[in-house]
Amino acid sequence: MKSKQNSRVLLYIIGVLTSILFISPFYILIVNAFKTKRELFGSTLTLPKEWMLDNFKVALNKLSFLWIGKNFSMEGFFGSALFNSMFITITSTILIIIFSSMAAWILVRTKSKMSNIIFYMFIAAMLVPFQAVMLPLVAFMGRLGLQNRMGIIFMYLGFGSSFSIFLYHGFIKSIPVSLEEAARIDGCGPWKVFWKIIFPTLKPIHVTVSILNIIWIWNDFLLPQLMINKKGTQTIPLKMYLFFGGYSKQWHLAMAGLLIAVIPIIIFYFFAQKHIIEGVTAGSEK
Amino acid sequence: MNYNKKTFCLFAGPIIIAFLMVLVIPLLIGVYYSFTEWNGRMDQVPDFIGLSNYIAIIKDEGFRNAFIFTAKFTVVSVVVINAIGFSLALLVTKKLKISNFMRTIFFMPNLIGGLILGFIWQFIFMGVFQTIGEITGLEFFQGWLADANTGFWGLVIIMVWQMSGYLMIIYIAALQNIPKSLLEAADIDGANGWTKTRHIIFPMVAPAFTISMFLTLANSFKLFDQNLSLTNGGPGGSTEMLALNIYKTAYTFTNYGAAQAKAVVFFLLVASITMVQVYINKKKEVEM
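In order, the protein sequence lines correspond to chains C and E. Take the first sequence: its letters are residues 25 to 310, numbered as in the numbering used here. Take the second sequence: its letters are residues -19 to 268, numbered as in the numbering used here.
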C-alpha cells in the first residue's frame, strides 16, 4: 500500500513540473509584455518592478488591433485586425458548415458512381499541401479580382471542404433513411427534408467542424499574406508579422503585441473548452 | 432513395465550384507552370521549357539541404511528440486532483498560430535562454538559434510544445475506450504493468497511433509558419525547410517556374510518405 501512495506522490510531482514547463512560455510572455526596454534585458524571468501599460498602447496602435487610423471610430473598427480576423473566420466557418453539410448529405444519399468519385476527390485533396497550389492560386484569383476579404472567404470554403465533408459524411451514414422517407411521404421536398430534419440532427458535427475550422482559419498566415495584404483588410497574424518585422529589436513592444494577439483565442478557449476538446476528439476518431 | 440531378447540383454544386477553383484548377495549372520559366508577373506569358526545372532541382543544393533538414526534423519530431503526447495522456488519466487542470494547460499551445508561436519562442531562445545561461554559467543555454543544430532543436521544441497536447487528447480518447473488464481480467491473471501495456494498452490504442502519426508526420513535413518566424531559415539557410525553400524560391528569387516544380515534387513527397505510413500502420493494427 505504501508504495502505491509513493507512486501517487511521484505522479503529482511529475504532473506539477510538466504543467510548469508547459505554462512557462505564457508566463514569460505576460511578465515581459509589461516591462520597460531596459528592465527586460536585465531580467527576463522576474516579475516587472512596475507594470507598464505604455507598451500596449503602442502595440494596439501599430497592430491596428481595434481600429485603423488615428482615433477609434466604427468605420475604423471595420478595418481593424480584430474585426478582419473575426469577420473572415466566422463567415468562412458558417459557409463551410452550410455547404459541406449539404454536399455531404446529397453525396451519402445518392448512390452513383459520380457521387463516389466526387467524394473520393474531396478526400484525396487532403493530401495536397498548400504550397502545391499556392502560386497558380494567387495568379488565378488575382485575375478573377478575388484578392480581397470576400475572395479569401471563398478560398477557405474550398480548402475547408475536404475535411468538413469527410466528417459530415461519416456521421450522415449513421442517420437512418427511414427518418427522411417519412417526411417525403408527407410531401416534403429535398430542400425541406434537409433543413428541417437533417441539418438539426447534425448539431454535434456542426460543433466539431466549426471548432476545427475556427482554429485553423484564425491562425492561418500564408493565405492572407498572399491574398489580402492591403491596409484595412489584414488579419491578426498578418499584422503581427509586419509588426514584428518592424520591432524585432524592441522586445518589450513585440511581447505586448504578441500578448494582445494571443488573448482572443485564449478567451475563446476558456468559453468553449469542453466543446473544443470534444471536437478535437471527434475529429481525430474518424 | 435517389435524388435527381438538379437536386444533386443544388446541394453539392456550391462547394464543388469552390473546391475546383481553389484546388483542382490551380493544381493543374501548377503542373503546367512547373514546365515553364516565369517571373510571376501577370503580363508575362510563362515560357515552356520542358523538364529543365525538374533537372535543376536535382542540382539545387538549397533544396537538397532543405529536404535533408526536413526529413531529419520529421523523424525526430514524430517520435518525440508521440512519446510525450502518449505519456501526457497516461498521466492525466491517472485520476489525480489536478488532471483537468493539466489537460487545459497541455492543450492550450495548440490554439496559438504557428507564426505567433515562433515569435514567442524566438524571444525565449534568444532572451530567456541567454539570461539562464548567464545566471548558471552553462554554455548549453547560450547562442540558441545561432547555428543549424540549435535551430533544429529549437524547431523540435516548439513543435513538441504545440502538438503534444493535441495528441494527448487523441490518446486519452483511445485509452478511455479500453474496456475496464479487460484490464481487471489481466490483473486477476497476475499480469504486471508492462505486460498489460504491451498486450492490452498498445494494441487497443493502435488506431489512435495511426492517426497521431499521420498528423505529426504531415504537419512536420509541411511546416512553414514556425520555420518562418522562429529562424526564417537562418543562419545562412541552414534551418530552411522544404515549404520555406519553395516560398523563397518564388517570392525572394522570383523564380516561379522553379518554385512550382519544387512544389510538385513536394506534393508527391508528402502524398506518398503519408500514404505509405497509413498503409503500414493499418496493417499493424490488423495484426495486433
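In this text, a Cβ means the ideal position worked out from N, Cα and C, and glycines have one as well.
Proximal chain C residues relative to residue i, where beta-carbon distance stays under 9 Å
i      : result
E/G10  : A156, V157, M158, L159, P160, L161
E/K74  : R32, L35, G39
E/D205 : N243, D244, F245, L246, P261
Span separating the alpha-carbon of residue i from that of residue j
i      : j      : result
C/L35  : C/I189 : 41 Å
C/N253 : C/I118 : 24 Å
C/I121 : C/G281 : 32 Å
C/I235 : E/G65  : 21 Å
C/W91  : C/P200 : 50 Å
E/A186 : C/V33  : 30 Å
C/F65  : E/G107 : 8 Å
E/D205 : E/G98  : 8 Å
E/L135 : E/Y227 : 18 Å
E/I92  : C/K197 : 34 Å
E/K202 : E/V250 : 8 Å
C/F101 : C/N95  : 10 Å
C/F46  : C/T305 : 21 Å
C/V157 : E/A223 : 12 Å
E/T229 : E/I37  : 11 Å
E/F109 : C/V40  : 22 Å
E/A154 : E/R178 : 15 Å
C/P288 : E/A63  : 31 Å
C/L161 : E/N199 : 21 Å
C/K273 : E/T130 : 21 Å
C/I290 : E/Y259 : 37 Å
Partners in chain E for residue i, counting only beta-carbon separations shorter than 7 Å
i      : result
C/A280 : Chain E residues near C/A280: none, gap ~12 Å exceeds 7 Å.
C/Y293 : M88, L91
C/M179 : V2
C/E309 : A153
C/Y265 : L95
C/P321 : Outside the shown range of chain C, which is 25 to 310, sits residue 321 of chain C, and nothing can be said about it.
Within 8 Å, strictly: CB atoms of residue i and residue j
i        : j       : result
E/T111   : C/T68   : yes
C/F195   : C/I229  : yes
E/M88    : C/Y293  : yes
C/T232   : C/G303  : yes
E/I150   : C/S308  : yes
E/Q240   : C/L159  : yes
C/F187   : C/M150  : yes
C/K286   : E/I96   : In the sequence as presented, Lys is not what sits at residue 286 of chain C; that position holds Val. Yes, these two residues count as a Cβ contact at 8 Å.
E/Y(-17) : C/P214  : yes
E/T211   : E/L125  : yes
E/K(-2)  : C/G270  : In the sequence under discussion, the amino acid at residue -2 of chain E is Ala, which differs from the Lys named in the question. It is not a contact, given that the beta carbons lie outside the stated cut-off.
E/F105   : C/W275  : no
E/P26    : E/D127  : no
E/L3     : C/V152  : yes
E/T73    : C/Q297  : no
E/N261   : E/T190  : yes
C/M126   : E/F(-9) : yes
C/S43    : E/M82   : yes
E/G94    : C/N237  : no
C/S116   : E/I(-5) : no
Contact list for residue i against chain C, beta-carbon separation under 8 Å
i      : result
E/T111 : S67, T68, L69
E/N13  : The sequence given here has Tyr at residue 13 of chain E, not Asn. Within 8 Å Cβ-Cβ: L159, P160.
E/F47  : Chain C residues near E/F47: none, gap ~14 Å exceeds 8 Å.
Close Cβ partners of residue i (< 7 Å) along its chain, the five nearest in sequence each way excluded
i      : result
C/I221 : L203, E204, A207
E/V11  : V244
C/K319 : Chain C is shown only over 25 to 310; residue 319 of chain C falls outside these bounds and no answer can be derived.
E/I61  : M139, V140, M143, S144, L147, T196
C/T257 : N108, N172, R173
6 Å Cβ shell around residue i - same chain, five flanking residues per side excluded
i      : result
E/E220 : A46, G213
E/M184 : I158
E/V269 : Look at the range of chain E in this structure, -19 to 268, and you will see that residue 269 of chain E is not part of it.
C/T70  : none
Which residues DSSP lists as bridging residue i, in chain order
i     : result
E/T16 : E/F28
Residues near residue i by beta carbon distance below 8 Å, same chain, minus five either side
i      : result
E/I29  : F15, T16, E17, G237
C/V82  : L277, A280
C/L131 : S139, I142, F143, I189, H193
C/Y265 : F245, Q249
E/N90  : Q142, M143, G145, Y146
E/L197 : T54, V58, I253, T254, Q257
C/W75  : F58
C/L77  : F58
Chain E residues whose Cβ lies nearer than 8 Å to that of residue i
i      : result
C/F46  : I85, F86, M88, P89, W141, G145
C/F268 : F99, S209
C/F183 : V2, L3
In chain order, what residues of the region 77 to 102 of chain E put their CB closer than 9 Å to some CB of chain D? Any reference to chain D falls outside this structure, whose protein chains are C and E.
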